[in-house]
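J.:
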C-alpha cells in the first residue's frame with residue numbers, strides 16, 4: 001500500500017491509500033458521514049481482502065474528512081471528489097471500476113455510475129430520504145451555528161486525524177430530500193445492498209426495501225446488526241468478495 005495525494009476540482013489536496021493489484025478492474029472504497037478512508041478499520045480489512053484476490057484498491061478521504069483539505073461537506077462536494085478519484089484510476093489505465101461504499105458513501109456512489117462501473121456494493125447505505133435526526137442529534141450551540149453561519153461542527157471522538165468536521169446546511173438538506181425514484185431510475189448495474197436491523201439501520205433498511213432493484217441485484221439483511229456491522233464484518237468480507245469475483249471480468 002502507498003499513500004497518494006491528488007487534487008479535487010478546486011485544486012485542493014485529497015489524501016488516499018492505493019493498493020496495487022494485477023486485475024484490470026479497480027475498486028474504490030467510499031466512506032460514510034463523519035468518517036474517513038479507514039472507516040473505523042473496516043476499509044483497511046476490506047482493502048486487504050480485495051487486494052489478496054488481485055484487485056487494485058483505492059481508499060481516500062473526501063474533502064473535509066480525514067487527512068484531506070478542510071472544508072464544509074455537502075453531497076455535491078462528495079460527488080465531485082468521487083468523480084475525481086475515478087478519473088485518477090482511469091488515468092492509471094483502469095477502465096473498469098467497482099464502488100464499495102458505506103452509509104452516506106452509498107448515496108454518493110449512486111450519483112457516480114458511469115459506464116465504467118461494473119457493480120456497486122453498499123453496506124448500510126442511504127438509498128432514500130432520511131430525517132437528519134436519525135443520523136445526528138444537534139446540540140443547541142450547533143443549531144445556533146447552523147442558523148447563523150450555514151454550517152456547524154460535528155465533534156469526532158475516534159478519528160485518526162481530526163477532532164471535528166464542518167457540516168454544511170446543504171448536507172442536512174441532502175439527507176432529507178433524496179428523490180429516491182429519480183436516483184434509482186438511472187441505476188442499471190447489479191447492486192449488492194447490505195443492511196442491519198438495529199438503530200439507524202431500521203430506517204435505512206426501510207428505504208431500501210421499497211426499491212425495485214436492477215436485474216441481478218440483491219438485498220441482504222443481517223438480523224441484529226447495527227450500522228457499524230463490526231460483529232458481522234467477517235461474514236460480510238466473505239459475501240462481498242464472492243460478489244466481486246462473480247460480477248467483474
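Numbering (the UniProt record's numbering), first residue to last: 1 to 249.
Think of the CB as a built atom: it goes at the ideal place given N, C-alpha and C, for glycine as much as any other residue.
Bear in mind the structure is a predicted one, so any value in this text is a computation, not a measurement.
What does the alpha-carbon distance come out to for the pair residue 250 and residue 64?
T.: Given that the chain is displayed from residue 1 to residue 249, the structure contains no residue 250 and the question cannot be resolved.
J.: Measure the beta-carbon distance from residue 207 to residue 128 and round it to whole angstroms, keeping in mind my assumption that it falls under 8 angstroms.
T.: Right, the Cβ-Cβ distance comes to about 3 angstroms (below 8 angstroms), so this counts as a contact.
J.: Which of the three DSSP states, helix, strand or coil, is assigned to residue 59?
T.: Reduced to three states, the DSSP call for residue 59 is strand.
J.: Can you confirm whether the stretch 4-11 touches the stretch 25-39 when touching is taken to mean that 3 or more C-beta pairs between the two stretches lie within less than 8 angstroms?
T.: Contact between the stretch 25-39 and the stretch 4-11 is absent, because fewer than three Cβ pairs lie under 8 angstroms.
J.: Out of 82, 32, 31, state which residue places its alpha-carbon closest to the alpha-carbon of residue 7.
T.: It is 82 whose Cα lies nearest to the Cα of residue 7.
J.: If you drop the 5 nearest sequence neighbours on each side, which residues of the same chain put their C-beta closer than 7 angstroms to that of residue 131?
T.: 176.
J.: Suppose you measure from the CA of residue 111 to the CA of residue 180; what does that come to, to the nearest Å?
T.: Whole-angstrom Cα-Cα distance: 11 angstroms.
J.: Report yes if the C-beta distance between residue 248 and residue 118 is below 8 angstroms; otherwise report no.
T.: Yes, Cβ-Cβ distance for residue 248 and residue 118 is below 8 angstroms.
J.: Identify every run of the alpha helix (DSSP H) within the stretch 84-172, keeping only runs that are complete inside it and at least 4 residues long; order them along the chain.
T.: Here the runs fully enclosed are 104-110, 140-149.
J.: Would you check if the distance between the CB atom of residue 124 and the CB atom of residue 103 is smaller than 8 angstroms?
T.: Against a cut-off of 8 angstroms, the Cβ pair of residue 103 and residue 124 comes out as a contact.
J.: Residues in its own chain within less than 6 angstroms of residue 240 by CB, not counting five upstream and five downstream?
T.: Only 121 meet the Cβ criterion.
J.: In whole angstroms, what separates the C-alpha of residue 52 from that of residue 202?
T.: Taking the straight line joining both Cα atoms gives about 33 angstroms.
J.: Do you know how far the Cα of residue 42 is from the Cα of residue 233?
T.: Computed Cα separation, rounded: 8 angstroms.
J.: Can you name, in chain order, every residue of its own chain whose Cβ lies under 7 angstroms from the Cβ of residue 79, other than the five neighbours on each side?
T.: So the list reads 108, 111, 112, once near-sequence residues are dropped.
J.: Among 162, 163, 167, whose alpha-carbon lies nearest the alpha-carbon of residue 147?
T.: For the residues 162, 163, 167, the minimum Cα distance to residue 147 belongs to 167.
J.: Alpha carbon to alpha carbon, how far is residue 56 from residue 1? Give it in angstroms, no decimals.
T.: When rounded, the distance between both Cα atoms is 10 angstroms.
J.: Assign residue 215 to one of two classes, buried (16 or more other C-beta atoms within 10 Å of its C-beta) or exposed (fewer than that).
T.: Flag for residue 215 reads exposed.
J.: Provide the residue span of the alpha helix (DSSP H) that contains residue 43, from first to last.
T.: Counting along the chain, the alpha helix (DSSP H) containing residue 43 begins and ends at 42-52.
J.: Where do the N-terminal and C-terminal ends of the beta strand (DSSP E) with residue 18 fall, by residue?
T.: It spans 13-19 - the beta strand (DSSP E) in which residue 18 sits, taken as one unbroken run.
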